Ligand code: G3P
Ligand code: CA
């Protein structure tokens with residue numbers, strides 16, 4: 074009798090989990106990648122506010138710790154390809170000639186000007202048609218500042234746009250004696266992001282760290298394993314044991330062209346069979362290698378191969394495409 078009861082309780086909890094996943098992720102989602110970064114310098118509050126007005130489902134935060142343990146919203150552990158750090162603090166580079174976020178306090182970071190992404194060696198702007206490099210008055214900011222902005226806009230605009238934070242380079246942080254993951258999880262919890270229902274997806278490229286987030290740190294958030302190479306998706310069963318989805322580079326989904334039409338790898342269907350959502354990156358209207366147009370990229374990946382979500386620098390275009 075007791076074993077039948079336990080079996081029924083087990084079934085109930087499986088179906089509850091399935092329900093949560095289904096209701097939360099039942100439509101194709103648009104993630105504003107680094108904000109509306111096709112229009113304003115990435116990861117600035119201005120870019121996040123603009124993204125919010127474009128109605129994506131989520132806005133992304135890449136996270137790196139400052140010297141005084143403040144999670145900063147920035148794509149890399151380096152500062153020199155999106156700020157004027159080399160001019161303001163010319164002697165604070167490491168031996169590799171790079172300037173590291175982790176070597177600066179939050180107050181010091183706040184003195185930097187943020188600009189459109191550029192190659193530090195040449196000074197050349199990466200995406201030529203985007204916001205002009207060196208113009209405007211943009212600053213770095215913390216995770217807390219961004220959450221206040223998004224939750225504030227959700228209130229004032231009557232929306233429920235979610236967040237999609239990424240733990241950046243956990244191995245590097247641990248080597249530097251920093252607890253990035255624990256600090257971020259605490260802030261998310263304090264802002265009310267606690268379970269899969271709370272409109273927060275936590276992502277990481279490091280599978281061991283994401284597994285630790287689920288098992289050791291006991292996070293109940295929706296977890297997405299980012300991938301870039303074939304080796305990263307060799308063991309999808311392992312990923313499915315702790316994650317709710319994968320975030321592959323879109324080229325991992327494309328196989329070869331036959332008669333000018335893309336054939337696909339089995340990645341999306343393999344992931345779906347294991348109950349994993351697939352949110353692929355990155356949809357850029359000014360860089361869509363492999364396709365003849367951005368429209369073709371959206372049609373192929375979002376419709377033909379049926380991924381569940383897209384990271385995009387142009388949230389307005391992908392939202393419009395999906396609405397059509
Ligand atoms: O996190 C999804 C996508 O942003 C991964 O690429 O390098 O832009 O963080 P990256
Ligand atoms: Ca990211």
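In the working numbering, the protein residues as written are 74 to 397.
Beta carbons are placed, not taken as given, at the ideal position from N, Cα and C, and that holds for glycine.
All figures in this text were calculated on a predicted structure; none of them were measured in a lab.
| Delimiting residues of the alpha helix (DSSP H) encompassing residue 320 | Per DSSP, residue 320 belongs to no alpha helix (DSSP H); it is in the beta strand (DSSP E), 318-321.
| Cα-Cα separation between residue 96 and residue 221, rounded to whole angstroms | Since pLDDT at residue 96 reaches only 45, below the 50 mark, its modelled position is unreliable, and the value read off the structure follows with that caveat. For residue 96 and residue 221, the gap between their C-alpha atoms comes out near 26 angstroms.
| task | Within 10 angstroms of the Cβ of residue 350, are there 16 or more other Cβ atoms? Answer buried if so, exposed if not. | result | With 16 or more neighbouring CB atoms inside 10 Å of its own CB, residue 350 falls in the buried class.
| field | Endpoints, the alpha helix (DSSP H) within which residue 240 is located | value | Boundaries for residue 240: no alpha helix (DSSP H) harbours it, while the beta strand (DSSP E) harbouring it runs 235-240, taken from the DSSP string.
| query | Taking DSSP as the reference, what is the three-state secondary structure of residue 283? | reply | Residue state for residue 283 is assigned as helix, using DSSP reduced to three classes.
| message | Going by DSSP, what residue range makes up the beta strand (DSSP E) through residue 355? | response | Counting along the chain, the beta strand (DSSP E) containing residue 355 begins and ends at 350-356.
| task | Using alpha carbons as the reference points, say which of 199, 152, 343 lies closest to residue 183. | result | When each option's Cα is compared against that of residue 183, the closest is 152.
| request: Determine which residues share a DSSP beta bridge with residue 100 and list them. | output: Bridge partners of residue 100: none, in fact.
| request: Measure the CB-CB distance between residue 325 and residue 300 and report whether it falls below 8 angstroms. | output: Yes, Cβ-Cβ distance for residue 325 and residue 300 is below 8 angstroms.
| request: Pull every residue with its beta-carbon under 5 angstroms away from any heavy atom of ligand 2, and keep them in chain order. | output: Result: 135, 239.
| field | C-beta atoms of residue 240 and residue 254 nearer than 8 angstroms | value | At the C-beta level, residue 240 and residue 254 come within 8 angstroms of one another.
| query | What span of residues does the beta strand (DSSP E) with residue 146 cover, start to end? | reply | Here the beta strand (DSSP E) through residue 146 covers 144-146.
| Comparing alpha-carbon positions, which option in 228, 333, 360 lies nearest residue 202? | For the options 228, 333, 360, the alpha carbon positioned closest to that of residue 202 is the one of 360.
| request: Counting only the same chain and skipping the five closest in sequence on each side, list residues whose C-beta sits under 6 angstroms from that of residue 206. | output: Excluding positions up to five away in sequence, the list reads 188, 189, 191, 198.
| query | Rounded C-beta distance between residue 297 and residue 320? I'm assuming under 8 angstroms. | reply | Right, their Cβ atoms sit about 5 angstroms apart.
| field | For residue 214 and residue 170, the rounded distance between their alpha carbons | value | Approximately 24 angstroms, taken between the alpha carbons.
| Sorry if obvious, but does the Cβ on residue 184 come closer than 7 angstroms to a heavy atom of ligand 1? | No - ligand 1 has no heavy atom lying nearer than 7 angstroms to the Cβ of residue 184.
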